[in-house]
Structures are given as structure tokens and as C-alpha cells.
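Everything in the sequence shown is counted per the working numbering, starting at 8 for the first residue and increasing by one.
Note sheet for the following structure.
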Amino acid sequence: MKVAVIGASGQLGSDLVKAFEGEAFPLTHRDLDIEDPESLKVLNKLKPEVVINTAAYVRVDDAEVEAEKAFQVNAIGALNVAKACNEIEAVNVYISTDYVFDGAKGEPYEEDDVPNPINVYGLSKYAGEILTRNYSEKYYVIRVASLYGKAGARGKGGNFVDYMIQRAKNGEEIKVVNDMFMSSTYTKDVSRMLKRFLDLDLAIKPAFGVYHIVNEGYCNWYNFTKEIFNISGWDAKIQIMPIKSSELKKLARRPIFSALKNKKLDDLGLRMRNWKEALKDYLMEEKMVDEWMGRGLKARG
Ligand SMILES: NC(=O)c1ccc[n+]([C@@H]2O[C@H](COP(=O)([O-])OP(=O)(O)OC[C@H]3O[C@@H](n4cnc5c(N)ncnc54)[C@H](OP(=O)(O)O)[C@@H]3O)[C@@H](O)[C@H]2O)c1
């Protein structure tokens, strides 16, 4: 299966290229700009069977003041990709977010729950979902959440796990919110699952539509941070202060509970592993604690 990966140097895109090794056409921002339909013509030459669009404007707070730019990439860009996919009869895979939900449900969101974004980023991604659904002949919307991966989010200048370890290494104070719940997710796991999912397509054809792909279980950001240092064996030495999200002066509102449930994946018999196992794997694999703290990893459990 030939797969074009748009946003190939990004955090998720780079792991997708690895997961689809031998089948992937990596397309970076330099190769094409989804805002420009002309540049998408490169797809006509490559003729992939599947196009995975990971390109996005991901800076949630900046989107509040650059709403036009966020919509240009996340919504109009998605429309351009949908039209380009139709021309070559490719399946269009749009990567979306837990931030399409408002958080009021208070328990994990399933694919059929009704979105109600509360910030510009979420709204622009939801617009991208709708345009993908209504303009694509063949599509999947894949919602992911709270990503971390080897490359770090290019748009955000890194990921949360690396940032916390860096702060600890610098001896900086660590304050983390304990009233916002989410599904932290390893980009390697999403990439491998998406490969299995799309391979299934040939055999049993999952219906086109929306799917959630996140690591199982959920936690708040404070517990997530505790687990980072617990796995590294540094939990006793690092003081993490729980704070309320209202204490953070952020420009964008964020859903207080945005955990996702992989309901439709489960129905297909596909299971993601638990977030703690995924986090441990990430820390071990990247040998981060080892490198950054200058000590051997003392993995627990
Ligand atoms: N990070 C998260 O926690 C999170 C959570 C939920 C959902 N998501 C979604 O997951 C996807 C991947 O996120 P990520 O963390 O991998 O972000 P990322 O590292 O910032 O990757 C996005 C990639 O898209 C490229 N890009 C940006 N604008 C483009 C354009 N107009 N045309 C072509 N390429 C463009 C960027 O290239 P340059 O950097 O060179 O511009 C970058 O390589 C996004 O759709 C995001 O909305 C992310």
C-alpha cells in the first residue's frame, strides 16, 4: 500500500514514516503546503492509495490571536487535501484532536459524541473534520490526544514529557495542573495502530468515518508528570506541585476532561496499550532519563 505522509518531519508524521517503512512517501512542509492547492499536485505524480494529513497549526494559545491562520491550515488545508485525494481516488486520513470536545461529559468521549469546541484551535480542527467528511469520497478522521514522541511537536517546540525532564534537570520548580484529565498518547503507538487499521482496510474494510486512537486509560497532568519521574526512579527527589488550571493564565480555554475512548477500534478487535506502559517504553527507548540526568534508568514495575 503506497501511503503519502503530509507533515512528515512532525512529531506524529516522522513516526508514521517509520511505521510505514517501504510504503511511505514522506512529504514535509518544504515539499508541499496544504494551504496551496497547486503544491498538492505532487500527489498526482506519486499516486498514493492513502494520504495521511498530519499537517496542522498546533499552537493552541496563539490560535486565539491568529484565528485566520489556524483555519487556513487546519480547515482550508483539509479541504484542499480532500479535493486532491478525490482526484487520485486516494483514501484521505485527517488527523484530529480531543480538543473538538468541550469536556462537559466528564467521562471518556466516544466517536459518536457531539463535538463542541471551546477554543479556536479545536474549532478549526472540527471545521477540518467536517470538510474532510463532506468533501472526501473515502476518508477516515483519526482523533488523537496529548501526543509525545521522539521528534517532539515542531509547532510547539517539543513535547510535555521532554519539557518536564528538562525542567527537572535544570532544577526548576515544577507546577502541574491536577484538574485537567486527558489521554496521553505515544506517537509510535498511534502510528503502528494506524498501519494495522489501514492494512485491515484491505481485508475487512472498516467503514469510513471517525475513529479514536489513543493509549488506554486516562489521567490528569499532575499524575502523568508523577508517573514520568516514578518510571525514571526520580520521584522521591523531584517535588511536583499540584495546581488548579485556573491558576494558569492561558489565552485559550481548554476542556477540563478530554479523555477519549477507542470504542470503534475495540469493536474491530484492535487494542491500544495502557498509557503507563507506553510512557515507560518512550522513556526507556529514548533513554532520556539516562542521558539527561546522567544516571542509569531504574525502571519500576
Ligand atoms: N501534539 C499534540 O499533543 C496533539 C494532540 C491532538 C491532536 N494533534 C494533531 O496531531 C497532528 C500532528 O501533530 P504533531 O504533534 O505531530 O505536530 P507537529 O510536530 O507540529 O507536526 C506538524 C507538521 O505539519 C507541518 N505543517 C504545518 N503547516 C503545514 C502546511 N501548511 N503544509 C504542510 N505541512 C505543514 C509542520 O512542518 P513545519 O514545522 O516545518 O512547519 C510539521 O512538520 C496534528 O494534526 C495535530 O492537530 C496533536
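In this text, a Cβ means the ideal position worked out from N, Cα and C, and glycines have one as well.
Inset, instruction - Report buried or exposed for L34, applying the criterion of at least 16 other Cβ atoms within 10 angstroms of its Cβ. - result: buried
Inset, instruction - Spatial neighbours of L272 within its chain, please: CB distance less than 8 Å, with the 5 preceding and 5 following residues excluded, ordered by chain position. - result: M200, F204, Y218, H219, I220, R278, M279
Legend entry - When V148, V107, L86 are compared against V121, the one with the closest alpha-carbon: V107
Inset, instruction - With a threshold of 7 Å, establish whether the CB of V168 neighbours any heavy atom of ligand 1. - result: No, Cβ of V168 sits at least 7 Å from all heavy atoms of ligand 1.
Inset, instruction - State yes or no: is the C-beta of S16 nearer than 7 Å to some heavy atom of ligand 1? - result: yes
Legend entry - Contact set for Y128: own chain, Cβ-Cβ below 7 Å, skip 5 residues either direction: Beyond the five residues adjoining it in sequence on each side, Y128 comes within less than 7 Å, by CB distance, of V67, A70, A77, Y106, A259 in the same chain, given in chain order.
Legend entry - Own chain residues within Cβ distance below 6 Å of G308, not counting five before or after: With a pLDDT of 38 at G308, under the threshold of 50, the modelled position of that residue is not reliable, and the figure given next carries that caveat. Closer than 6 Å at the Cβ level, and outside the excluded window around G308, lies no residue.
Legend entry - Inter-stretch contact (C-beta, 8 Å, three-pair minimum) for the region 91 to 107 and the region 137 to 149: They touch, by the three-pair rule.
Legend entry - Coil, strand or helix - G20 by DSSP: helix
Inset, instruction - State the beta-bridge partners of K182 as determined by DSSP. - result: Beta-bridge analysis with DSSP links K182 to M248.
Inset, instruction - Helix, strand or coil for T35, going by three-state DSSP, please let me know. - result: In this structure, T35 counts as coil in the three-state DSSP scheme.
Inset, instruction - Assign K283 to buried or exposed, taking buried as 16 or more other Cβ atoms, counted over all protein chains shown, within 10 Å of its Cβ. - result: buried
Legend entry - Boundaries of the beta strand (DSSP E) in which S103 is found, first to last residue: 98 to 104
Inset, instruction - Write down the C-beta distance between K90 and Y142 rounded to the nearest angstrom, noting that I regard them as a contact closer than 8 Å. - result: 6 Å
Legend entry - For V148: DSSP bridge partner residues: Y101, V217, per the DSSP bridge assignment.
Inset, instruction - Using DSSP bridges, identify the partner residues of L267. - result: According to DSSP, L267 bridges with Y116.
Legend entry - Cross-strand partners of Y155 (DSSP beta bridge): Y193
Legend entry - Rounded C-alpha distance that separates N227 from P262: 12 Å
Legend entry - beta strand (DSSP E) segment containing A11, residue limits: 10 to 13
Legend entry - Where the beta strand (DSSP E) containing N60 begins and where it ends: 57 to 60
Inset, instruction - Could you tell me the distance, in whole angstroms, from the CA atom of M248 to the CA atom of G110? - result: 24 Å
Legend entry - Span of the alpha helix (DSSP H), counted from its first residue to its last, around F231: 228 to 239
Legend entry - Endpoints, the alpha helix (DSSP H) within which L47 is located: Premise fails: L47 is in no alpha helix (DSSP H) and is neither H nor E.
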